[in-house]
Amino acid sequence: MIGRVAWLLARPGTTGLTASALPVVAFAIVTALLLAVLGGAQTFWTWTDDWAVTYQALAVIALVLLVVPLASLGGAAARLSARRRDDRLATLRLLGATPATVSALAVIESAVLAAAGAVVGVVLYAALVPALALIPFRGEALGIEGVLLGWAALVGVPVGVVLLAVVSAVLGLRLVVISPLGVRTRQDAPRLHWLRAAVAVVVVALGAGLMAVLQVAASALVILGMLAVAFGGALAVQNLVGPWVIRLVARAQAGSAKTPAKLLAARAVLESPKAAWRQVSGVAMTSFMAVFAGSGVAVLGSMGGGESDRESELLIADIRTGILITVIGSFLMVACSVGVNQAAAILDRRDLYEALGRLGMPTSTTDAARRRSVMSPLRITAIGSALTAAIVMLPLTGITLIVAPASLLVIAAVLAAGIGVVWLGLLATRPLLVRAAGA
Amino acid sequence: MPRRISSGRMTPGRPNPTPVRRVGGARSGRLGCMSSFVIEASGLSRSFGQTHALAGVDLSVRAGESLAIMGASGSGKTTLLHCLAGITRPDAGTVGFRSGSGRVEITGLGERERSRLRREAFGFVFQQGLLIPELTAVENVALALMLNGMPRARAEEYGRGWLAALGLAGLEDRRIGQLSGGQAQRVAIARAQVTGASVVFADEPTGALDSVTSADVMSALLDSTTGQGRTLVLVTHDPGVAARCSRMVEMRDGRIVGERVAA
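Those protein sequence lines, which keep their order, are chains A and B.
Residue numbering for the first sequence follows the numbering used here, starting at 244 and increasing by one per position.
Residue numbering for the second sequence follows the numbering used here, starting at 12 and increasing by one per position.
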């Protein structure tokens, strides 16, 4: 029975092929980016000299930083594939389908779409290999052999992507199973507690305190431990406080909005501050890291002078390259995530957009509203995270400001460019909106 | 100043001109006291691929009347409504709209002008309400005025007035998901009326409601349109709803095949 219903649901609905194609494209991008990141990093594990461990440690940090936006994009893709059908699944639940049936249908559909996307992603990665091979580390390009992954990764990553899709589908559909009416009418209003902010302030202050007493630490191990606690603590706090801050700002914006676009944007964010945060949270880590590591590298670079050896100079140059790649990669993933989420939102609301078009609401107003609903949380996240890092690293950012002010300008410019990339991702979905409004 | 209407509720004044006492009882907008046409359509044709949704329709709508367009599914009634309202441009034929400032040929207008006309001169009520779920009831209504440039505080003031007039006092700050189907449809009626639209187009406005709520919503719709001298054009498949209008036309295969005027 499940197989028959799954086949019925798999047939293109009113949204046509787009509804199925979008998750496939999203999963393809996730797979390709994941393979590209792993391919780029694997070279570091082929080195065996004294510097190898340093590069491997830095690669792990970069990978961890990229995992967040990647997971966010993967989650967006999985939710998109699940959401395509959740209304129909909720209807099935209302008709008496058991929770097991609904879950099985969600899993089957998500797994099939993810598998199709993962296969396309492997092909995309293969196409990216020549470009990845040109990235320079330790004075020379990585080369094709350096970035080409083995069979284990080429099979393992797609399998992992499919699993991610399945888990996301099951988690996302808990609401359908628990309360089908809640999904159909979308009546839940989210609440977030102010206590999050209090915890955040304490942790950031603790992080700043740790960094201030860093130089009195007895050993390198203790210093590393304190750095990890400050870095990890500040990042954890961002996840805790991010949705709360976004909601607070949106509520203020909703109260003072004077134009339809501003009102619609603020209300859209208030509808789900957690979703707004999830969409751009990858930028929080990257932005934090850009200031955190960027300041350190800038200070190290300015202290080097003519006495430093070539390997040290290369290391500093490579860290700069690594930061740049991580920031660009992170923003690219967030841009993709925003594109996927926005495309899904437009498809979900096409009846409403069509009706608003008939009422005479200009598409430019609708478009401005959804742009604001993404860009406002993004700006808050990028700038807020950079400021948090600056506070935690206050002695270092202060020194950087004096000895290498241009570095901070470069960091700011890269973040601004990243925000621009996300804006482009948003722009890419405009034709879909125009079609929906004029349908 | 707001005036009372027959239901005893209060309604706001401008931009929707102050309502007057409803005169038509269950059926309003009698033809006997009206003669000027607010909408005149001539020779309308519209095809979708091989399907001829409209095949040479002539129809005039008098100011202040309530006109029901009936017909089976696929008879062309919604396409006709869309052409009359400037949502869809017909393949052939013309639609003229007469207002206080003169006559406008809707079919000769560009997309932007038609969009502006719909925003400023017409009101719409759809079967599902199609309200913006993340906005509150009053914001949904006020948005129609804000789109025309009215400051938000004033727009919300009018919105609250209209919601109260339609029996939704106290529910203004609820989100749409927190309202019943009938209440949501009343919000949609308030949204259609608040701009002072001279013509309201309704596409199966009671199609998703039970019979009691349907009668209630229909009364609210008539009260707030023809009850105030405005024009209502609605598409319905429900003979009970059509019977409450002052005139009914029946469509089949893209043509008007029958017309009945209320006694």
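Quick reminder that beta carbons are idealized off the backbone N, C-alpha and C, glycines included.
Original post:
chain B beta carbons: is any one of them nearer than 8 angstroms to that of A/Lys517?
Top reply: Reading the first sequence from its first residue, position 274 is the one you call residue 517 of chain A. Chain B, which has no Cβ nearer than 8 angstroms to the Cβ of A/Lys517, makes this no.
Subject >> Pairwise C-alpha distance: A/Val409 and B/Gly251 >> reply: Against the second sequence, residue 251 of chain B aligns to sequence position 240. Against the first sequence, residue 409 of chain A aligns to sequence position 166. When rounded, the distance between both Cα atoms is 50 angstroms.
Original post:
Residues in the region 100-128 of chain B with C-beta within 9 angstroms of chain A's C-beta atoms, listed in sequence order?
Top reply: Glu122, Arg123, Arg125, Ser126, Arg127, Leu128
Subject >> Contact list for B/Arg266 against chain A, beta-carbon separation under 7 angstroms >> reply: As a position in the second sequence, residue 266 of chain B is number 255, starting the count at 1. Those within 7 angstroms of B/Arg266 in chain A number zero; the least Cβ separation is about 24 angstroms.
Original post:
Which same chain residues, not among the five before or five after A/Val442, have their C-beta less than 8 angstroms away from its C-beta?
Top reply: Taking the first residue of the first sequence as position 1, residue 442 of chain A is located at position 199. Excluding residues within five positions, the ones whose Cβ falls inside 8 angstroms are Val480, Leu483, Val484.
Subject >> Top-ranked residue by Cα proximity to A/Ser616, from A/Ile304, A/Gln522, A/Val657, A/Thr297 >> reply: By 1-based counting over the first sequence, the position of residue 616 of chain A is 373. Checking every option, the nearest Cα to that of A/Ser616 belongs to A/Gln522.
Original post:
Can you tell me whether DSSP reads A/Thr672 as helix, strand or coil?
Top reply: In the first sequence, the residue the question calls residue 672 of chain A occupies position 429. Three-state result, A/Thr672: coil.
Subject >> Within chain A, the residues that B/Phe135 reaches when beta carbons sit closer than 8 angstroms >> reply: For the purposes of this step, residue 135 of chain B is identified with residue 124 of the second sequence, where counting begins at 1. Ordered by position in chain A, the residues that pass the 8 angstroms Cβ test against B/Phe135 are Ala598, Arg601, Leu602.
Subject >> Nearest residue (CA-CA) to A/Val653, options A/Ala533, A/Leu621, A/Gly317 >> reply: As a first step, residue 653 of chain A is located in the first sequence; it is residue number 410 there, counting from the start. When each option's Cα is compared against that of A/Val653, the closest is A/Ala533.
Original post:
Should A/Pro503 be flagged as near chain B, meaning a C-beta pair shorter than 8 angstroms?
Top reply: Position 260 of the first sequence, counting from 1, holds the residue named residue 503 of chain A. So, interface residue.
Original post:
Is A/Ala511 close to chain B, meaning its C-beta is less than 8 angstroms from at least one C-beta of that chain?
Top reply: On the first sequence, position 268 is the one that residue 511 of chain A refers to. Yes, contact with chain B.
Original post:
Apart from the five residues on each side of it in sequence, which residues of its chain come closer than 6 angstroms, Cβ to Cβ, to B/Gly269?
Top reply: As a working mapping, residue 269 of chain B is identified with position 258 in the second sequence. Counting only Cβ-Cβ distances below 6 angstroms, and skipping sequence neighbours, we find Glu261.
Original post:
Just to confirm, are A/Gly283 and A/Leu392 a CB contact at a threshold of 8 angstroms?
Top reply: As a working note, residue 283 of chain A is residue 40 in the first sequence. As a working note, residue 392 of chain A is residue 149 in the first sequence. No, these two residues do not count as a Cβ contact at 8 angstroms.
Original post:
With a cut-off of 8 angstroms, do at least 3 Cβ pairs link the region 162-175 of chain B to the region 596-614 of chain A?
Top reply: no
**OP:** Check whether the Cβ of B/Ile143 lies closer than 8 angstroms to any Cβ atom in chain A.
**Re:** Taking the second sequence and counting its residues from 1, one reaches residue 143 of chain B at position 132. Answer yes: the Cβ-Cβ gap between B/Ile143 and chain A drops below 8 angstroms somewhere.
Subject >> Boundaries of the alpha helix (DSSP H) in which A/Thr608 is found, first to last residue >> reply: Sequence index remark: in the first sequence, residue 608 of chain A carries index 365 (1-based). Element bounds for A/Thr608: 606-635.
Original post:
By how many angstroms is the C-alpha of A/Ser628 removed from the C-alpha of A/Ala500?
Top reply: By 1-based counting over the first sequence, the position of residue 500 of chain A is 257. By 1-based counting over the first sequence, the position of residue 628 of chain A is 385. C-alpha separation (whole angstroms): 25 angstroms.
Original post:
Can you name, in chain order, every residue of its own chain whose Cβ lies under 7 angstroms from the Cβ of B/Ala253, other than the five neighbours on each side?
Top reply: Against the second sequence, residue 253 of chain B aligns to sequence position 242. So the qualifying residues of the chain are Ala79, Met81, Thr247, Met259.
Original post:
Can A/Leu308 and A/Thr608 be called in contact, C-beta distance under 8 angstroms?
Top reply: Sequence index remark: in the first sequence, residue 308 of chain A carries index 65 (1-based). Sequence index remark: in the first sequence, residue 608 of chain A carries index 365 (1-based). No. Outside cutoff.
**OP:** Could you run through the region 143-167 of chain B and flag, in chain order, every residue whose CB is less than 8 angstroms away from some CB of chain A?
**Re:** Ile143, Pro144, Glu145, Leu146, Glu150, Leu154, Ala155, Met157, Leu158, Pro162, Arg163
Original post:
Does any C-beta atom of chain A lie closer than 8 angstroms to the C-beta of B/Ile80?
Top reply: Locating residue 80 of chain B in the second sequence gives position 69, where the first residue counts as 1. False, the Cβ-Cβ gap to chain A never drops below 8 angstroms.
**OP:** Anything in chain B within Cβ reach of A/Asp594, meaning under 7 angstroms, just list it in chain order.
**Re:** In the first sequence, the residue the question calls residue 594 of chain A occupies position 351. Per Cβ cutoff of 7 angstroms: Leu141.
Original post:
Skipping 5 residues on each side, what residues in its chain have a beta carbon closer than 7 angstroms to that of B/Gly218?
Top reply: Indexing the second sequence from 1 puts residue 218 of chain B at position 207. Only Gln138 meet the Cβ criterion.
Subject >> Where the alpha helix (DSSP H) containing A/Val570 begins and where it ends >> reply: Locating residue 570 of chain A in the first sequence gives position 327, counting from the first residue. A/Val570 -> alpha helix (DSSP H) spans 553-591.
Original post:
With a cut-off of 8 angstroms, do at least 3 Cβ pairs link the region 512-521 of chain A to the region 638-651 of chain A?
Top reply: no
Original post:
So, does the CB of A/Thr334 fall closer than 8 angstroms to a CB anywhere in chain B?
Top reply: Within the first sequence, numbered from 1, the residue matching residue 334 of chain A stands at position 91. Not an interface residue.
**OP:** For the alpha helix (DSSP H) containing B/Met229, list its first residue and its last residue.
**Re:** The residue given as residue 229 of chain B occupies position 218 in the second sequence. B/Met229 -> alpha helix (DSSP H) spans 222-235.
Subject >> Length of the line joining the Cα atoms of A/Leu590 and A/Ala473 >> reply: Along the first sequence, one-based indexing puts residue 590 of chain A at 347. Along the first sequence, one-based indexing puts residue 473 of chain A at 230. Their backbone Cα atoms lie some 42 angstroms apart in a straight line.
**OP:** Using alpha carbons as the reference points, say which of A/Gly603, A/Val665, A/Thr334, A/Pro648 lies closest to A/Ala625.
**Re:** Numbered from its first residue, the first sequence carries residue 625 of chain A at position 382. When each option's Cα is compared against that of A/Ala625, the closest is A/Val665.
Subject >> Given A/Arg510 as reference, the closest of B/Pro144, B/Leu233, B/Arg171, B/Leu92 once Cα atoms are compared >> reply: Taking the first sequence and counting its residues from 1, one reaches residue 510 of chain A at position 267. When each option's Cα is compared against that of A/Arg510, the closest is B/Pro144.
**OP:** Would you tell me roughly how many angstroms separate the C-alpha atoms of A/Val677 and A/Thr606, rounded to the nearest one?
**Re:** Taking the first residue of the first sequence as position 1, residue 677 of chain A is located at position 434. Taking the first residue of the first sequence as position 1, residue 606 of chain A is located at position 363. Between A/Val677 and A/Thr606, the C-alpha separation is close to 7 angstroms.
**OP:** Consider the Cβ of A/Thr608: report whether some Cβ of chain B lies at a distance smaller than 8 angstroms.
**Re:** Residue mapping note: residue 608 of chain A aligns to position 365 of the first sequence, counting from 1. Interface residue, yes.
**OP:** State the beta-bridge partners of B/Met81 as determined by DSSP.
**Re:** As a working mapping, residue 81 of chain B is identified with position 70 in the second sequence. Per DSSP, B/Glu261.
Subject >> Chain-ordered chain B contacts of A/Pro605 [CB-CB under 9 angstroms] >> reply: As a working mapping, residue 605 of chain A is identified with position 362 in the first sequence. In chain order: Arg123, Ser126, Arg127, Arg130, Leu158.
Original post:
Is B/Ile200 close to chain A, meaning its C-beta is less than 8 angstroms from at least one C-beta of that chain?
Top reply: Stepping through the second sequence from its first residue, residue 200 of chain B is reached at position 189. No, B/Ile200 does not count as interfacial toward chain A.
**OP:** List the residues of chain B whose Cβ lies closer than 8 angstroms to the Cβ of A/Leu506, in chain order.
**Re:** To locate residue 506 of chain A, count along the first sequence from 1; it is residue 263. Ordered by position in chain B, the residues that pass the 8 angstroms Cβ test against A/Leu506 are Leu146, Glu150, Leu154, Met157, Arg163.
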